[in-house]
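As structure tokens, the structure follows; a few thoughts come after it.
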Amino acid sequence: MKNYILFLLCFISFCLVSCASTKGVSVTGENNSVGSVDNETDSIQDQVLNDISNVQQSKNYILQSGDLVEIKVFMEPNMDRVLRISSNGTVTYPLIGNVKIGGYCVSDAEEQLAEKLKYYIKSPQVSMLIKEYSNKMVYVLGQVKKPSEISIPPEKTITVLEAITSVGGFTDIANTSKIKVLRMENGKQKSIDVDVNAITKQGNKSLDIELIPGDVVFVPQSMF
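Numbers given in this note's numbering equal positions in the sequence shown, counted from 1, plus 5.
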């Protein structure tokens with residue numbers, strides 16, 4: 006997924022510079038906006054990095070069977086384990102045996118483990134990190150209400166509009182006609198333009214493409 010994130014940042018920078026160069030020629034005949042372009046590029050990059058950081062730090066993801074998790078207990082290195090959640094939602098952990106964590110968010114799962122461990126360890130502080138998701142993930146970033154990563158349910162599909170709806174929809178300043186789906190295809194990076202206005206207002210549902218694992222949906226800000 007890091008490759009997709011790096012591609013996203015490079016792609017945004019390229020688009021901003023290209024657009025600004027075009028505007029400079031058509032309006033003034035000169036490119037006098039290099040400084041402003043650099044500032045705008047930095048601003049967009051900061052926004053995307055902040056979105057990704059928030060997503061990665063979020064503990065709202067619901068753990069599922071097949072997820073691989075790393076569990077640690079503060080000051081108890083012998084308790085470190087990397088475990089895969091079983092089909093019935095449990096992991097087998099030292100001292101406490103089988104514990105159900107599937108169906109819980111990460112913070113609640115940490116509390117579950119800490120509650121059981123307190124009979125063996127004084128004031129256990131449990132931390133959990135998701136090392137691998139069982140379901141395939143996509144990122145929805147930019148001008149959406151809750152930038153996040155979402156899972157594609159097993160044997161189901163999810164479209165661009167469904168993905169955006171699942172994270173709360175657009176912000177008030179979203180450019181809904183210039184959405185980008187960033188994708189790796191046959192080892193090459195590509196960008197797909199999606200106009201949600203044409204989907205919702207004109208009824209052109211064929212434009213609402215299905216997402217594949219690893220896709221990054223980026224919603225830019227409207228340029229007033």
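Beta carbons are placed, not taken as given, at the ideal position from N, Cα and C, and that holds for glycine.
**Request:** Could you tell me which residues DSSP puts in a beta bridge with residue 154?
**Result:** For residue 154, which the question treats as bridged, DSSP gives the partners 144.
**Asked** Quick one: is residue 207 buried, meaning 16 or more other Cβ sit within 10 Å of its Cβ, or exposed?
**Response** Per the 10 Å Cβ criterion, exposed.
**Other residues of its chain near residue 93: CB distance less than 8 angstroms, five sequence neighbours each side excluded** = Counting only Cβ-Cβ distances below 8 angstroms, and skipping sequence neighbours, we find 70, 105 and 107.
**Request:** Under the assumption that residue 121 contacts residue 101 (Cβ atoms under 8 angstroms), give the Cβ distance between them as a whole number of angstroms.
**Result:** Distance from residue 121 to residue 101 at the Cβ level is roughly 4 angstroms; contact confirmed, criterion being Cβ atoms closer than 8 angstroms.
**Message:** Quick check: the Cα distance between residue 112 and residue 214, rounded to an integer number of angstroms?
**Reply:** 34 angstroms
**Message:** Going residue by residue through the stretch 181–224, where are the continuous alpha helix (DSSP H) segments of at least 4 residues, counting only ones entirely within it?
**Reply:** Taking only runs of at least 4 residues, the alpha helix (DSSP H) segments lying wholly in the stretch 181–224 are 201–205.
**Message:** Less than 8 angstroms between C-beta atoms, sequence neighbours within five positions excluded: which residues of the same chain meet that for residue 123?
**Reply:** Answer for residue 123: 129, listed in chain order.
**Residue burial classification, residue 188 (beta-carbon count within 10 angstroms, cutoff 16)** = buried
**Prompt:** Nearest-angstrom Cα distance between residue 76 and residue 156?
**Reply:** The straight-line gap from Cα to Cα measures roughly 22 angstroms.
**Message:** Do residue 173 and residue 141 have their beta-carbon atoms positioned less than 8 angstroms apart in this structure?
**Reply:** no
**Message:** On the CB-based measure, 16 or more other CB atoms within 10 Å of its CB, does residue 181 come out buried or exposed?
**Reply:** buried
**Asked** Using a C-beta cutoff of 8 angstroms, does residue 71 count as contacting chain C?
**Response** Here there is only one protein chain, and chain C is not present.
**Request:** Can you tell me which of the three DSSP states residue 172 falls into?
**Result:** coil
**Message:** Taking 6 angstroms as the limit between beta carbons, can you name the residues of its chain near residue 144, skipping five residues before and five after?
**Reply:** 154 and 221
**Opening and closing residue of the alpha helix (DSSP H) in which residue 139 lies** = First-last for residue 139: undefined, no H or E at that position.
**Request:** Taking residue 195 as the reference, give the member of 82, 115 and 185 with the closest Cα.
**Result:** 185
**Asked** Which class does residue 75 belong to by DSSP, given the choice of helix, strand or coil?
**Response** strand
**Request:** For my contact list, residue 87 and residue 136 are in at a C-beta cut-off of 8 angstroms; report their separation, rounded to the angstrom.
**Result:** 6 angstroms
**Asked** By how many angstroms is the C-alpha of residue 202 removed from the C-alpha of residue 230?
**Response** Since the first residue shown for the chain is 6 and the last is 229, residue 230 is missing from the structure and cannot be characterised.
**Prompt:** If you check the beta carbons only, do residue 166 and residue 217 fall under 8 angstroms apart?
**Reply:** no
**Asked** Nearest CA to the CA of residue 68: which residue from 138, 125, 79 and 132?
**Response** 138
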